[in-house]
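Take a look at the structure below.
Residue numbers (the UniProt record's numbering): 1 to 112.
Encoded structure:
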């Protein structure tokens, strides 16, 4: 594991957002959803592709809060442009489980 400094950590903008819509990403090579996530007034709504289909269905995601990196440059993923990276952990089968706050917080709140 590479060690980083606290200043390195501060460079990563991890923010909470609320999923406002989720749909199957039909053109994805691996099963995925397209998420629209509201990060509050400062950042607005951002789009992301997330390979979280093993544990979640689109309708279950709407209204849920997620943690995402919001200061990566946009990335082209097939026909969509992703503007944040939703975070999660691999379970024992390699499927992604979302990283989420255990209580509601205002959209856009930064992890510190």
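Using N, Cα and C, we set each Cβ at its ideal position, and we do this for glycine too.
This one's a predicted model, so the numbers in the text were calculated from it and none came from an experiment.
Top-ranked residue by Cα proximity to residue 21, from 5, 15, 49, 109:
Ranking the options by Cα distance to residue 21, first place goes to 49.
Please list the segments of the beta strand (DSSP E) lying wholly inside the stretch 3–37, counting only runs of 3 or more residues, in order along the chain.
You should have 14–24.
Name the DSSP beta bridge partners of residue 90, please?
Under DSSP, residue 90 takes part in a beta bridge, and its partners are 96.
Please classify residue 18: is it buried, with 16 or more other beta-carbons within 10 angstroms of its beta-carbon, or exposed?
It counts as buried.
Within the continuous beta strand (DSSP E) that includes residue 46, where are the two ends?
From DSSP, the beta strand (DSSP E) with residue 46 extends over 45–50.
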